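A.B. asks:
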Amino acid sequence: MAETPSGENRHIFGPIASRRLGRSLGIDPVPLKTCNWNCVYCQLGRTSPLEPRRDEYIDADEVIEELKRHLAEHGEESFDWITFVGSGEPTLHSRLGWMIREAKRLAHKPVAVITNGALLGDPAVRKELLAADAVMPTVSAGTEQTYLRLHRPAHGLDFASFSEGLVAFRNEYDGALWAEVMLVAGYNDDEGELRALRELLLRIRPDEIQVVLPTRPPALPTVRPPSSARMSLAVKILSAAAPVGAVDGDAAKPDVSAAGADLHEVLVGLVQRHPMTETELVHALNNWAVEEIRDAITALTESRRVLSVERDGRCFYSSGEARYVDGDTSD
Numbered sequence: 654m655a656e657t658p659s660g661e662n663r664h665i666f667g668p669i670a671s672r673r674l675g676r677s678l679g680i681d682p683v684p685l686k687t688c689n690w691n692c693v694y695c696q697l698g699r700t701s702p703l704e705p706r707r708d709e710y711i712d713a714d715e716v717i718e719e720l721k722r723h724l725a726e727h728g729e730e731s732f733d734w735i736t737f738v739g740s741g742e743p744t745l746h747s748r749l750g751w752m753i754r755e756a757k758r759l760a761h762k763p764v765a766v767i768t769n770g771a772l773l774g775d776p777a778v779r780k781e782l783l784a785a786d787a788v789m790p791t792v793s794a795g796t797e798q799t800y801l802r803l804h805r806p807a808h809g810l811d812f813a814s815f816s817e818g819l820v821a822f823r824n825e826y827d828g829a830l831w832a833e834v835m836l837v838a839g840y841n842d843d844e845g846e847l848r849a850l851r852e853l854l855l856r857i858r859p860d861e862i863q864v865v866l867p868t869r870p871p872a873l874p875t876v877r878p879p880s881s882a883r884m885s886l887a888v889k890i891l892s893a894a895a896p897v898g899a900v901d902g903d904a905a906k907p908d909v910s911a912a913g914a915d916l917h918e919v920l921v922g923l924v925q926r927h928p929m930t931e932t933e934l935v936h937a938l939n940n941w942a943v944e945e946i947r948d949a950i951t952a953l954t955e956s957r958r959v960l961s962v963e964r965d966g967r968c969f970y971s972s973g974e975a976r977y978v979d980g981d982t983s984d
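Sequential numbering of the sequence shown, starting at 654, is according to the working numbering.
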């Protein structure tokens, strides 16, 4: 059973059950939607404004103090990995490398970083990530046109810097490199795009490829997962570059038990990083009664701390700060 930290811990969450990492304790080192990409498929909504610069957006010492509190309360046996991930792009934090090293020193557990990889063209960023035991970059575009259309990056973050940065990092890094490919219908699921993506992946040489699908509310309502035939084609083509893991829309499923914690704060923290349905929230928040959870959803929605978003006939709950586009638009 996973545990969430006490209410004063704002940047540590989980552990979350992960297929690849087991029980993963999350560290969210940047504020919501602090990102240098504005991906059409992002389940956390639009990025506005885009943030291209690195900075200490959150006090790194405070983050590590929160980790110390979690370890004191729950012990290092409560999780298998520490993962830097969350509601923005972790490499935008200017002290990420220091936090990785401190987390490993304190917890004696492996550390993973989930990143879009946009800053790997910067040697300083690559050097910081060398301390991680696993790095999981997004590699969903094999051409500049698709890269720009799918990710809509901040000015100056071009495809050449992205792709060459990934290749350079692989040449410098001896840890586990697991590439994540987000497949989106009409963007990167035809044979030509998949072959171009395979060529880039062959240069990057990941240890594994994880194919994921946009099943939760995307930034653009027109975003859809590919057909079954296109997904099968993708697995066939991409498997020439590395073993392809299970095609899935969810890489991790929260399961939280938090005696004494404030239900409203725990619920907001969950949906800020992972939009969820009522059924999923009831399962994840199993320390509370169903009616308590439903009442909390109603109160948080009315106060606009939580936003309800429709997706293919299902109602998801997301952060009240998230921005989603209404209607059919490519912006």
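Ideal Cβ placement from N, Cα and C applies to all residues, glycine included. From a predicted model like this one, the values you see are computed outputs, not experimental measurements.
Nearest to Gly818 by alpha carbon, out of Gly973, Thr768 and Val888?
C.D. replies: Taking the first residue of the sequence shown as 1, we reach residue 818 at position 165. Out of Gly973, Thr768 and Val888, Thr768 has the C-alpha closest to the C-alpha of Gly818.
A.B. asks: Classify Lys780: buried if its beta carbon has 16 or more other beta carbons within 10 angstroms, exposed otherwise.
C.D. replies: To locate residue 780, count along the sequence shown from 1; it is residue 127. Lys780 comes out exposed.
A.B. asks: Take Leu685 and list the residues in its own chain whose beta-carbon comes closer than 8 angstroms to its own, dropping the five residues that flank it on each side.
C.D. replies: The sequence position of residue 685 within the sequence shown is 32, counting from 1. So the list reads Leu697, Ser740, Gly741, Gln925, Ser972, Glu974 and Ala975, once near-sequence residues are dropped.
A.B. asks: When DSSP labels each residue in this structure, what does Arg711 get in the three-state scheme?
C.D. replies: Translated into the one-based positions of the sequence shown, residue 711 becomes position 58. For clarity, residue 711 is Ile in the given sequence; the question names Arg instead. In the structure shown, Ile711 sits in coil (DSSP, three-state: anything other than H, G, I, E or B).
A.B. asks: Assess contact between the segment 939-948 and the segment 687-706, defined as three or more Cβ pairs (one per stretch) separated by less than 8 angstroms. Is contact present?
C.D. replies: no
A.B. asks: Determine the DSSP secondary structure at Val876, reduced to helix, strand or coil.
C.D. replies: As a first step, residue 876 is located in the sequence shown; it is residue number 223 there, counting from the start. Coil at Val876, not helix or strand.
A.B. asks: Mind the definition here: the segment 826-840 touches the segment 791-811 only if three or more C-beta pairs lie below 8 angstroms; say whether that holds.
C.D. replies: yes
A.B. asks: Cβ of Arg707 within 7 angstroms of Cβ of Ser677?
C.D. replies: Reading the sequence shown from its first residue, position 54 is the one you call residue 707. Reading the sequence shown from its first residue, position 24 is the one you call residue 677. It is not a contact, given that the beta carbons lie outside the stated cut-off.
A.B. asks: Three or more C-beta pairs closer than 8 angstroms, one from the segment 772-786 and one from the segment 710-719: is that the case here?
C.D. replies: The segment 772-786 is not in contact with the segment 710-719.
A.B. asks: Is the beta carbon of Val897 closer than 7 angstroms to that of Ile857?
C.D. replies: Start at 1 with the first residue of the sequence shown, and residue 857 comes out as number 204. Start at 1 with the first residue of the sequence shown, and residue 897 comes out as number 244. No, these two residues do not count as a Cβ contact at 7 angstroms.
A.B. asks: How big is the Cα-Cα spacing for Leu644 and Tyr826?
C.D. replies: Not covered by the structure: residue 644. The range shown for the chain is 654 to 984.
A.B. asks: From Pro702 to Pro806, what distance separates their C-alpha atoms?
C.D. replies: Within the sequence shown, numbered from 1, the residue matching residue 702 stands at position 49. Within the sequence shown, numbered from 1, the residue matching residue 806 stands at position 153. Distance between the alpha carbons of Pro702 and Pro806 is about 11 angstroms.
A.B. asks: Should Gln863 be labelled buried (16 or more other beta-carbon atoms within 10 Å of its own) or exposed?
C.D. replies: Taking the first residue of the sequence shown as 1, we reach residue 863 at position 210. Gln863 is buried by the Cβ-count criterion.
A.B. asks: Below 6 angstroms CB to CB, which residues in the same chain sit around Ala949 once its five sequence neighbours on both sides are set aside?
C.D. replies: The sequence position of residue 949 within the sequence shown is 296, counting from 1. Taken in chain order, the residues that qualify are Leu916, His917 and Leu920.
A.B. asks: With which residues is Leu850 paired in a DSSP beta bridge?
C.D. replies: Along the sequence shown, read from residue 1 onward, the residue named residue 850 stands at position 197. For Leu850, which the question treats as bridged, DSSP gives no partner whatsoever.
A.B. asks: How far does the alpha helix (DSSP H) with Ala887 in it extend, from its first residue to its last?
C.D. replies: Here the question's residue 887 lines up with position 234 in the sequence shown. Looking at the DSSP string, the run of the alpha helix (DSSP H) that includes Ala887 is Ser881 to Leu891.
A.B. asks: Around the Cβ of Ile665, are there at least 16 other Cβ atoms within 10 angstroms (buried) or fewer (exposed)?
C.D. replies: As a working note, residue 665 is residue 12 in the sequence shown. Looking at its Cβ environment, which holds 16 or more other Cβ atoms inside 10 Å, Ile665 is buried.
A.B. asks: Using CA atoms only, rank isn't needed, just tell me which of Ile669, Tyr710, His761 and Arg672 is closest to Cys688.
C.D. replies: Taking the sequence shown and counting its residues from 1, one reaches residue 688 at position 35. Minimum Cα distance to Cys688 is reached at Tyr710.
A.B. asks: Anyone know if the C-beta pair for Trp831 and Glu797 falls short of 7 angstroms?
C.D. replies: Position 178 of the sequence shown, counting from 1, holds the residue named residue 831. Position 144 of the sequence shown, counting from 1, holds the residue named residue 797. Cβ distance not < 7 angstroms, so Trp831 and Glu797 don't count as in contact.
A.B. asks: What whole-angstrom Cβ distance do Val792 and Gly828 have, given they're in contact under 8 angstroms?
C.D. replies: What you label residue 792 is simply residue 139 of the sequence shown in a count that begins at 1. What you label residue 828 is simply residue 175 of the sequence shown in a count that begins at 1. No, Val792 and Gly828 are not in contact; Cβ-Cβ is about 16 angstroms, not under 8 angstroms.
A.B. asks: Quick check: what's the CA-CA separation for His727 versus Arg877?
C.D. replies: Counted from its first residue, the sequence shown places residue 727 at position 74. Counted from its first residue, the sequence shown places residue 877 at position 224. Their backbone Cα atoms lie some 40 angstroms apart in a straight line.
A.B. asks: In angstroms, rounded to a whole number, what distance separates the CA positions of Ser956 and Arg967?
C.D. replies: Here the question's residue 956 lines up with position 303 in the sequence shown. Here the question's residue 967 lines up with position 314 in the sequence shown. Going by the C-alpha atoms only, they are around 21 angstroms apart.
A.B. asks: Between Pro928 and Pro870, which are expected to be in contact by the criterion C-beta below 8 angstroms, what is the C-beta distance as a whole number of angstroms?
C.D. replies: For this step, residue 928 is matched to residue 275 along the sequence shown. For this step, residue 870 is matched to residue 217 along the sequence shown. Rounded to the nearest angstrom, the Cβ distance from Pro928 to Pro870 is 6 angstroms, consistent with a contact under 8 angstroms.
A.B. asks: CB-CB under 7 angstroms to Thr954, same chain, minus the five flanking residues each way: which ones, in chain order?
C.D. replies: Mapped onto the sequence shown, residue 954 falls at position 301. If we look at Thr954 and ignore the five residues flanking it on each side, its Cβ neighbours are Ser961.
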